[in-house]
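Have a look at the structure below, then the notes.
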Amino acid sequence: MTTNWYVVRVPSGREESVRDKLSRRIKADGLENRIPQVVVPVERVTEFKNGKKKVTNRKIYPGYILIEADLGKPEEETEEDQKVWFALHETPGFQDFVGGGGRTPTPMSDEEVDSILSRMEESESTPRMAFRIKLGDMVRIKEGPFEGFDGVVEEVLDAKGLLRISVTIFGRATSVEIEHWQVEPV
1025 MTTNWYVVRV
1035 PSGREESVRD
1045 KLSRRIKADG
1055 LENRIPQVVV
1065 PVERVTEFKN
1075 GKKKVTNRKI
1085 YPGYILIEAD
1095 LGKPEEETEE
1105 DQKVWFALHE
1115 TPGFQDFVGG
1125 GGRTPTPMSD
1135 EEVDSILSRM
1145 EESESTPRMA
1155 FRIKLGDMVR
1165 IKEGPFEGFD
1175 GVVEEVLDAK
1185 GLLRISVTIF
1195 GRATSVEIEH
1205 WQVEPV
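Take the position in the sequence shown, starting the count at 1, then add 1024; the result is the number in the numbering used here.
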């Protein structure tokens, strides 16, 4: 038995419900050995709303889930292979595999899988900062000693949750570091 990882299209916004339905179907049909994992790729993200810190899960690929499965070989199809195929395709919300059509979808490479799974694990222990403001954006500082000043974002410091902004003070451009929740887009 050889399992590979596959990307599956599902309705956007319904990834968790499709995963849950698929997991129940796999368990009911006794296919846990053929489809060991169904994953919605998410990462934990720290956001600031109204000055309050909030950690949320954000989907890495909205509209897609990952499954680890042994789909068998089309040229040597067994009854259990058909059972796996039927369980997947008859689950509500399961649309189709990404890559390769028909009975031979293209599996993901080990590097792709490792990259996604490690990104999920890393964000679990240290959520990354979610920035809606990016390099080169015009912003207005809405709090702190530079309140009311407009500036241009020169650098985004993800790890610290800071922005380096160039503001004009007394006719001279000056760089200041501001927490990203203290600014708003202009």
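Beta carbons are placed, not taken as given, at the ideal position from N, Cα and C, and that holds for glycine.
Under the three-state reduction of DSSP, R1038 is assigned to coil, being neither helix nor strand. Going by beta carbons, E1039 and P1086 fall inside the 9 Å limit.
Comparing alpha carbon positions, the residue from I1059, V1176, S1147, V1137 closest to K1158 is V1176. Within the same chain, Cβ atoms closer than 7 Å to the Cβ of P1131 are found at N1028, W1029, Y1030, the five residues on either side in sequence being excluded. At the C-beta level, D1174 and R1188 stay beyond 9 Å of one another. Nearest C-alpha to G1172 among E1178, E1099, M1162: M1162. In terms of Cα proximity to G1185, the closest of E1203, V1064, G1168, A1197 is E1203.
Burial of I1059 is indicated by the presence of at least 16 other C-beta atoms within 10 angstroms of its C-beta.
For E1136, the enclosing alpha helix (DSSP H) stretches over residues 1134–1149. Looking only at I1089, V1079, T1102, the smallest Cα-Cα distance to I1140 is reached by I1089. DSSP places D1161 in the coil class of the three-state scheme, outside both helix and strand. Between the beta-carbon of V1062 and that of I1091 there is about 5 Å, and that keeps the pair under the 8 Å contact cut. Linking T1192 to T1198 through their CA atoms gives a straight-line distance of about 6 Å. Taking C-alpha positions only, L1181 is separated from F1170 by approximately 19 Å. If you draw a straight line from the Cα of N1057 to the Cα of T1102, it is about 15 Å long. If you draw a straight line from the Cα of R1043 to the Cα of E1148, it comes to about 20 Å.
For a cut-off of 8 Å, the C-beta gap from D1138 to T1026 is around 17 Å, too long to register as a contact.
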